[in-house]
Structures are given as structure tokens and as C-alpha cells.
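Numbering (our numbering), first residue to last: 1 to 277.
Glycine included, C-beta positions come from ideal geometry on N, C-alpha and C.
Bear in mind that the values here come from a model prediction, so they are computed numbers and not experimental data.
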Amino acid sequence: MSLIDPTSLSHLRERYPRSPGRLRHHLAAEGLLGYDALAAAARALPRQHVERRVHNASNGEAFRVLDSDAHLANAIAAGGASSGWIMLRYIEQLPAYRALLERLLAEIAPIIGSATEAVRDIKGFVFICAPGAYTPFHFDAEHSILFQIAGDKVLAAYPPAPPFLDLARREAYHRTGENVLEWKHDYAALGEKHLLARGDALFVPYAAPHWIHAGYKPSISLSVTWQCRKSRAIADALSLNPLMRRVGLPAYDPVARPSAPWLRAAAGRFGQRIGLV
Ligand SMILES: [Fe+2]
């Protein structure tokens with residue numbers, strides 16, 4: 001049986017890669033995404049890839065990692081986090097989950113491949129959240145699909161452009177990995193909000209800022225992320241910007257120049273190899 005409902009693919013085809021696109025899926029029937037299997041996965045992953053954060057942080061600064069004496073697998077086995085936000089990071093390290101991610105992406109490969117070529121750097125994240133858990137405004141420098149497995153969530157997506165995301169934040173991410181964005185109250189009315197119930201999924205475009213709010217039940221979500229040739233080139237070109245400014249040349253801005261920056265990317269990779277950037 002397909003993991004993704006084939007009748008939902010036409011919507012993704014219309015929207016990929018620039019706009020959020022909804023899908024329907026059958027992942028809730030997958031044993032790998034129940035609490036028992038996820039508890040076993042949490043034990044199998046390196047300890048630093050299982051983290052708990054403040055579940056009701058209203059902004060990025062408050063969204064801090066919480067220390068935990070007991071292994072978080074215990075909380076997952078007990079039916080999730082009663083007051084937490086738990087993430088299993090890089091779940092593709094576990095062969096069964098790697099196979100699941102590859103099956104999912106194989107089902108949408110015709111859509112992805114014709115628009116952005118082959119997928120690269122497949123990664124998986126599982127979020128096990130208490131009712132009402134909030135993921136503050138942030139962006140991810142990758143393409144992603146969030147599959148809702150249990151409970152529901154609202155995800156609000158914004159264009160990857162100012163005022164939500166500026167060039168300085170993009171460059172800082174590639175230097176430091178920091179992806180939390182400043183929130184302003186007047187943004188609340190501007191996002192494209194999607195209610196995701198069990199069986200729903202949402203494609204989130206590369207670098208599109210978003211926030212996520214879990215509903216009244218415990219929530220389980222799987223996020224599958226990937227890079228494409230162009231997204232890699234954007235990262236390499238952005239890494240060259242500080243050097244370009246130092247020598248008085250214009251910096252690369254993906255909003256001002258939507259075409260792929262192949263030449264700057266090649267220069268950026270060369271600069272990285274010789275330690276210049
Ligand atoms: Fe995200």
C-alpha cells in the first residue's frame with residue numbers, strides 16, 4: 001500500500017517547490033511511529049539526538065533545551081510528554097526509519113525530480129508534543145514535509161523574504177546553525193495557516209518561516225527534510241557573502257536573484273576548501 005494517498009499528489013504538484021502543499025498519508029498505520037517504537041528509537045539514538053524543550057515558549061529565546069535525568073524514552077513509552085516538546089533528531093541513523101523516509105520520498109520523486117532534481121541529504125525528525133506545545137517562529141534551510149501522525153497541529157507558513165526572513169538571518173544560519181526568527185505581533189494575521197489532523201501532511205518550502213501550535217491532544221509528527229542541487233548552491237553562495245563584502249563586491253541575495261547561483265556556489269565551495277570563507 002502507498003504511504004501517501006496518490007489522489008493528494010496533484011495538489012503538491014501544483015505548489016512544489018514554492019508554496020506550501022497539502023498531502024494525505026497512511027503513516028498512522030506504521031508501527032514505527034507509535035509510542036513503543038519511538039521509545040525504542042529514542043534509546044537507540046545517540047543521547048544528544050533526543051532532546052526536550054520548553055513546550056510553551058512564546059519566543060525563540062524561551063525555547064530552550066531542558067535537562068533531564070531520566071531517559072526521555074521513558075516519557076515517550078508512557079504515552080508522550082505530559083508537559084514537554086520532545087524531538088528525535090536525525091532518525092535516518094536507524095535503518096528502519098531510513099527505509100521509511102526513502103519510501104516516502106520515492107512516492108513523490110516524480111514531482112520533486114521534475115522540479116528540483118534528485119533529493120539529497122535526507123533527514124528525519126520526530127516530534128512528540130504535549131497538548132498546546134508551541135514551536136516558535138523559525139526557518140529551516142531545507143525542503144520539508146511534516147506528516148501528522150497523532151493529534152493535530154496548526155502550522156503557519158510565511159514567504160522566505162523580508163520582513164519575515166532577511167539576508168542577515170540567512171547568512172547567520174549558515175555560520176551558526178541558529179534558525180529562530182524575531183516574532184512581531186502583526187505577523188499573526190499574515191501567515192498561511194494549515195490545520196493538520198492525523199493523516200494530513202504539509203510540504204513547507206525551502207527557508208519558508210513558520211510556527212507550529214499543537215492542539216488539545218498529545219501530538220506525534222514526522223518531518224522529512226531534504227536538499228536539492230539549488231538549495232546546496234544557495235548555501236554555498238551565501239557562505240561567500242562576507243568575503244564579497246570585504247572586497248567591495250555585491251553580496252548574493254536569493255530574494256533579489258531567484259535563479260540558482262551556480263558560479264558563486266562554485267566559488268564558495270572553493271573558498272571553503274582553502275579556508276578563505
Ligand atoms: Fe521547522
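Exposure label - residue i; buried when at least 16 CB within 10 Å
{"i": "THR225", "result": "buried"}
{"i": "HIS185", "result": "exposed"}
{"i": "GLN227", "result": "buried"}
{"i": "PRO254", "result": "buried"}
{"i": "PRO110", "result": "exposed"}
{"i": "PRO136", "result": "buried"}
{"i": "SER259", "result": "exposed"}
{"i": "ASP36", "result": "exposed"}
{"i": "SER239", "result": "buried"}
Delimiting residues of the alpha helix (DSSP H) encompassing residue i
{"i": "LYS184", "result": "No alpha helix (DSSP H) contains LYS184, which DSSP labels as neither H nor E."}
{"i": "ALA44", "result": "35-44"}
{"i": "ALA99", "result": "95-116"}
{"i": "ALA172", "result": "167-176"}
{"i": "ALA265", "result": "262-273"}
Sheet register partners of residue i (DSSP bridge)
{"i": "ILE128", "result": "ILE86, ILE220"}
{"i": "LEU66", "result": "ARG52"}
{"i": "LEU240", "result": "In the DSSP output, where bridge partners are listed per residue, LEU240 has none listed."}
{"i": "LYS123", "result": "THR225"}
{"i": "ASP200", "result": "ARG24"}
Near ligand 1: residue i beta-carbon under 7 Å from a heavy atom
{"i": "ASP236", "result": "no"}
{"i": "ASP140", "result": "yes"}
{"i": "HIS210", "result": "yes"}
Residues near residue i in its chain [Cβ-Cβ closer than 7 Å; skip 5 each side]
{"i": "SER19", "result": "PRO205"}
{"i": "LEU222", "result": "LEU27, LEU33, GLY124, VAL126, PHE147, ILE149"}
{"i": "ARG264", "result": "ALA237, LEU240, TYR252"}
{"i": "GLN272", "result": "SER239"}
Neighbour flag for residue i against chain D, beta carbons, 8 Å
{"i": "HIS174", "result": "This model lacks chain D altogether, as it is built from one protein chain only."}
Neighbourhood of residue i by C-beta, 8 Å cutoff - its chain only, sequence neighbours within 5 removed
{"i": "LEU94", "result": "ALA41, ALA44, LEU45"}
Boundaries (first-last residue) of the beta strand (DSSP E) holding residue i
{"i": "PRO136", "result": "134-138"}
{"i": "ILE212", "result": "210-214"}
{"i": "GLN148", "result": "143-150"}
{"i": "LEU72", "result": "Taken as a continuous stretch (DSSP letters only), LEU72 belongs to no beta strand (DSSP E), being part of the alpha helix (DSSP H) at 72-77."}
{"i": "LEU12", "result": "From DSSP, LEU12 is part of no beta strand (DSSP E) but of the alpha helix (DSSP H) over 9-15."}
Ligand 3 heavy atom lying under 7 Å from the CB of residue i
{"i": "PHE63", "result": "Among the ligands modelled here, namely ligand 1, ligand 3 does not occur."}
Close beta carbons around residue i, own chain, < 6 Å, minus the five adjacent residues each side
{"i": "PRO4", "result": "Checking the sequence shown, residue 4 turns out to be Ile, not Pro. Only LEU23, HIS25, GLU107 meet the Cβ criterion."}
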